[in-house]
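So the structure is just underneath, and the comments pick up after that.
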Amino acid sequence: MSQFDNQTLENLKRLCRMSCTPEEDQDILHSLSRVLDYVEQLKEIDTTGIASCDYVLQSMLKNLMREDEVKPTLPREEFLHNAPDQIGGMIRVPPVMKAP
Amino acid sequence: MTHTPLHHFSAAQLRDSFVKGEFTAVSIAEYFLKRIEQHNQQLGAFLSILGPRMLLKAEALDRKRAHNKPLGRLAGVPVAIKDNMHIAEEITSCGSKFLNNYRAPFEATAVRLLEEEDALITGKTNLDEFAMGSSNEHSAYFNAHNPWDLSCTPGGSSGGSAAAVAARLSLIATGSDTGGSIRQPAGFCGVVGYKPTYGRVSRYGLVAFGSSLDQIGPFATRVEDIALAMESIGRHCPFDSTSLDFPPESYHLQANLKNIKIGIPRHFLENLKPEAKIHFEDNLQILRSLGASTIDIDLDILKYSIAVYYILATAEASTNLARFDGIRYGMRAKDAKTLDEIYELSRKEGFGREVKKRIMLGTYVLSAGYQDAFYKKAQKVRTLIIEAFDKAFAICDAVAMPVAPSSAFPLKSISDPLEMYLQDIFTIPANLAGLPAISVPSGFDSRQMPLGLQLIGPQMCDVPLVQYAHAFEQATQFTRKIPPLFDGLNS
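Which chain is which? The protein sequence lines are A and B, in order. Note that the working numbering has the first sequence beginning at 3, numbered continuously upward. Note that the working numbering has the second sequence beginning at 256, numbered continuously upward.
This is the structure:
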């Protein structure tokens, strides 16, 4: 059985910067426990000496280089078009530092 | 004289008729927009319909033809785009409330290439939120339905695209396939769905889910239309560093399988239900009648695919979806007063439950103390899966499997998350190994719902794989059937 309990869930929500409704909490706790129990089966496989798959097309692996050139990027106004809140051409957020 | 209704055409036929001057692009656009208007409420395939935009493009295309300018290979063909790919200046919702107002500031490469070939884009199709799901039930808006039985799922995550093509509301649609999201809905809806070799189609402008697994591909009513779509979008793109740097391929389709060896992973398939097993054996008989030979291969390691996938895909998703923070774009919770509250409440309100689950699972398997046991272990088993396929392809040209364990299931009938994940057992392996794989209609079950045959090829062997599927399709013709509910003439 997995060790996935309420305390683990609370820690995880902090790591994910996510909050949930109490009903979601219960459902997520149940689902994640089920899935984590299921993936335990990977322990059956001996992977000693097996390389980790970091790129699926191993035979195509190569460095990609390009010239360091200035090219057009998304104009500021267009980017800000999707910003939830903005001021003076910048994205507005609540104060991050406290007043002294 | 009776005319064939436009929705009975294949994309290739419609293109040829348009080029010959038999129809105007505007009349084609109007015809398909009318079908969408008539049927979408029932079907739920489209999240947005781009009528005015489509008509403008059609008018421009008619002018292009009138001026005898060269016409693209998809000229006049109605094409739908999954709503996790950008069409510049249009909404990309990803089926999520988080992005319900997000207007794409640039064009996805696949979309740009389709438009350069003069395709007429009809709209954006429904999907499970951020492409996470196998039934379309996780769309934050409404459910897409299966055109063969509206009480059933069209599959997922690209369920809207599959339903749109099956109901002939568009003749081609794009999908993205991370663990089967093109092939499973194609199988469930009785259309052809193709996931190319990883990197064959640029992911630029596709909202990322599991970046080492994601691949864009087409849905169509015929294999020849899949070839047409691939010739259009299968191109190198400098904006995606995993895009394969090869010249575009042309698909010369042929209708026999002489000297082709098809590998059958018998042991891996032993738990198939009796009806599915008989159907699959019938499919193999058809392949043999076309000149192929079948050979048993060992792919037992694939039984671990789902465990590997739900570790790797969620790990990658948790990283990719960290960008949805309520700061730069997408939704920001109204009540959030501090920076931390912006993050937490925007993600709480903007994400649906399945997305939250997967972000949390992915964060868990990457967290300190668990990374070796889960993530790194899964990466090693992924290597073993790739090696097993390499060994298999040393003795066969393609592997055959069903697309899914059964035909489309009724909506809301699977509540256990693990049971839902197990639906993807036959599609996930191709993503883990970066292989091209195609789902082609193979008949109907006792409930009169479509079934699909899946063929999987070696990396880079996209063209031969599509040819094998074409041969099967030519011999069976199941792709010619149209769901009766959607075969009426425009009123």
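Think of the CB as a built atom: it goes at the ideal place given N, C-alpha and C, for glycine as much as any other residue.
If you keep only unbroken beta strand (DSSP E) runs of at least 3 residues inside the segment 26–78 of chain A, you get nothing at all. For the pair Phe681 of chain B and Met656 of chain B, the CB atoms are nearer than the 8 Å cut-off. Residue pairing of Asp580 of chain B in beta bridges, as defined by DSSP: absent, with no partner found.
Contact annotation for Val636 of chain B against chain A: Leu44, Ile47 and Thr49 [CB-CB distance below 7 Å, chain order]. Residue contact check for Ala101 of chain A against chain B: no CB pair falls below 8 Å. Near chain B, meaning a CB-to-CB distance below 7 Å, the residues of the segment 74–94 of chain A are Leu76, Glu80, Phe81, His83, Asn84, Ala85, Pro86, Asp87 and Ile93.
By the neighbour-count criterion, in which 16 or more other beta carbons inside 10 Å mark a residue as buried, Leu76 of chain A falls on the exposed side.
Annotation: Val462 of chain B is outside any alpha helix (DSSP H) and is labelled neither H nor E by DSSP. Taking a contact as a CB-CB distance under 8 Å, the pair Val332 of chain B and Thr377 of chain B does not count as one, their CB atoms being some 10 Å apart.
Taking 8 Å as the threshold, the shortest C-beta distance from Val72 of chain A to chain B does not fall below it. Here the C-alpha atom of Ala422 of chain B lies approximately 25 Å from the C-alpha atom of Ile669 of chain B. Using beta-carbon distances, Glu26 of chain A counts as an interface residue toward chain B, with a partner under 8 Å. Under DSSP, Tyr449 of chain B shares a beta bridge with B:Ile693. Assignment of beta-bridge partners to Phe474 of chain B by DSSP yields B:Ala428 and B:Gly448. DSSP places Leu512 of chain B in no alpha helix (DSSP H); its state is neither H nor E. Arg613 of chain B and Glu372 of chain B have their C-alpha atoms spaced approximately 37 Å apart. In this structure Pro520 of chain B is in contact with Leu557 of chain B, their Cβ atoms being roughly 7 Å apart against a cut-off of 8 Å. Contacts between Arg608 of chain B and chain A, judged by CB atoms closer than 7 Å, involve Glu26 and Asp29 in chain order. Counting only residues of its own chain and dropping the five nearest sequence neighbours on each side, Ala730 of chain B has a CB closer than 8 Å to the CB of Ala510, Ile541, Ser544 and Leu545. Secondary structure note for Gly331 of chain B: it is in no beta strand (DSSP E), with a DSSP letter that is neither H nor E.
Here the alpha carbons of Arg587 of chain B and Gln9 of chain A stand approximately 28 Å from one another. A direct Cα-Cα distance of roughly 12 Å separates Ala418 of chain B from Leu740 of chain B. Cβ neighbours of Ile550 of chain B within its own chain (closer than 8 Å, five residues either side excluded): Lys516, Ile517, Gly518, Ile519, Ile650 and Cys651. The beta carbons of Gly472 of chain B and Lys450 of chain B sit closer together than 8 Å.
When CB distances to chain A are screened at a threshold of 9 Å, the residues of the segment 578–599 of chain B falling below it are Asp580, Gly581, Ile582, Arg583, Tyr584, Gly585, Met586, Arg587, Ala591, Lys592, Thr593, Leu594, Asp595, Glu596, Ile597, Tyr598 and Glu599, in chain order. Cα atoms of Pro24 of chain A and Glu344 of chain B: separation of roughly 38 Å, rounded to the nearest angstrom.
Residue contact with chain A for Ile641 of chain B: present (Cβ-Cβ distance below 8 Å to some residue of chain A).
In terms of beta-carbon proximity, Lys667 of chain B stays away from the interface with chain A, with every pair separated by 8 Å or more.
When 7 Å is used as the limit between beta carbons, Tyr559 of chain B is near these residues of chain A: Gln43, Leu44 and Ile47, in chain order.
If you check the CB distance, Ala280 of chain B and Leu375 of chain B come in under 8 Å.
Rounded to the nearest angstrom, the gap between the Cα atoms of Ala395 of chain B and Gly350 of chain B is 6 Å. The criterion of a C-beta distance shorter than 8 Å is not satisfied by Pro360 of chain B and Pro409 of chain B. When the five nearest sequence neighbours on each side are left out, the beta carbons in the same chain lying within less than 7 Å of the beta carbon of His491 of chain B are those of Ser498, Leu499, Asp500 and Phe501, in order along the chain. DSSP, read as helix, strand or coil, puts Ala655 of chain B in strand. Listed in chain order, the non-local C-beta contacts of Pro307 of chain B below 7 Å within the same chain number zero, local neighbours out to five positions each way being set aside. Cβ contact annotation for Arg320 of chain B (same chain, cutoff 7 Å, sequence separation greater than five): Leu326, in chain order.
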